[in-house]
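Engineer: First the structure, then my questions, so here it is.
In UniProt numbering, the protein residues as written are 1 to 139.
Printed below as a string of C-alpha cells:
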C-alpha cells in the first residue's frame with residue numbers, strides 16, 4: 001500500500017502544482033518577484049489557500065519518500081535495501097531533505113505574503129481575510 005499511496009501523493013501534488021502554474025500563467029516564477037502589471041490572483045486554488053503550490057509540493061515530496069522508503073518500494077523490490085546501512089542512510093537523507101524543504105517554504109511564504117501586502121495594500125488585506133489560511137484550510 002505504501003507504493004500506491006506514494007504514487008497517489010505524487011499525482012495529487014503534481015496536479016495541484018500544474019493547476020497553480022496554469023492559474024498564475026505568466027505571473028509564475030521560481031523567484032519571489034512582483035512583475036510589471038502584476039495582479040493579485042484570488043481564484044482557483046488561490047481561493048482556497050494562499051500558497052497552494054507549496055501544498056502540492058508537499059504531497060509530491062512525501063509521495064516520493066513513500067515510494068522509495070516503503071517496504072514494497074523500488075529499493076526493496078530490487079534488493080538494494082538488503083543493506084541496513086543503505087536503508088538508514090536513505091531514510092536520514094530524505095528526512096534531512098524534507099526538513100530543509102519545509103524550513104525553506106515556511107520562511108518563503110511569509111516573505112511572499114509581505115511582498116504582496118506591500119504591493120497591493122488593501123486588496124491584499126481583503127484577500128487575506130477571504131483566504132486566511134497559508135497552506136491548509138482551517139489551520
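Even for Gly, the Cβ is constructed at its ideal location relative to N, Cα and C.
#1: What ranges does the alpha helix (DSSP H) occupy inside the stretch 29 to 80, keeping only unbroken runs of at least 4 residues that lie completely in it?
#2: With 16 as the cutoff for other CB atoms within 10 Å, does residue 58 come out buried or exposed?
#3: Run the CB neighbour count on residue 97, radius 10 Å, all protein chains shown included, and call it buried at 16 or more, exposed below.
#4: With DSSP as the reference, label residue 87 as helix, strand or coil.
#5: Could you compute how far the alpha carbon of residue 102 sits from the alpha carbon of residue 45?
#6: So what's residue 127 in DSSP terms, helix, strand or just coil?
#7: Looking at the secondary structure, which residues open and close the alpha helix (DSSP H) in which residue 13 lies?
#8: For residue 55 versus residue 16, is the C-beta distance shorter than 8 Å?
#9: Mind checking residue 60: buried by the 16 CB within 10 Å criterion, or exposed?
Structural biologist: So, to answer that:
#1: Counting whole runs of 4 or more residues, the stretch 29 to 80 contains the alpha helix (DSSP H) stretches 52 to 69, 74 to 77.
#2: Buried, since its Cβ has 16 or more Cβ neighbours within 10 Å.
#3: Result: exposed.
#4: If DSSP states are grouped into helix, strand and coil, residue 87 belongs with the helices.
#5: Whole-angstrom Cα-Cα distance: 20 Å.
#6: Correct three-state label for residue 127: helix.
#7: Residue 13 -> alpha helix (DSSP H) spans 2 to 24.
#8: With contacts defined as CB atoms closer than 8 Å, residue 55 and residue 16 qualify as a contacting pair.
#9: Answer is buried; the Cβ neighbour count reaches 16.
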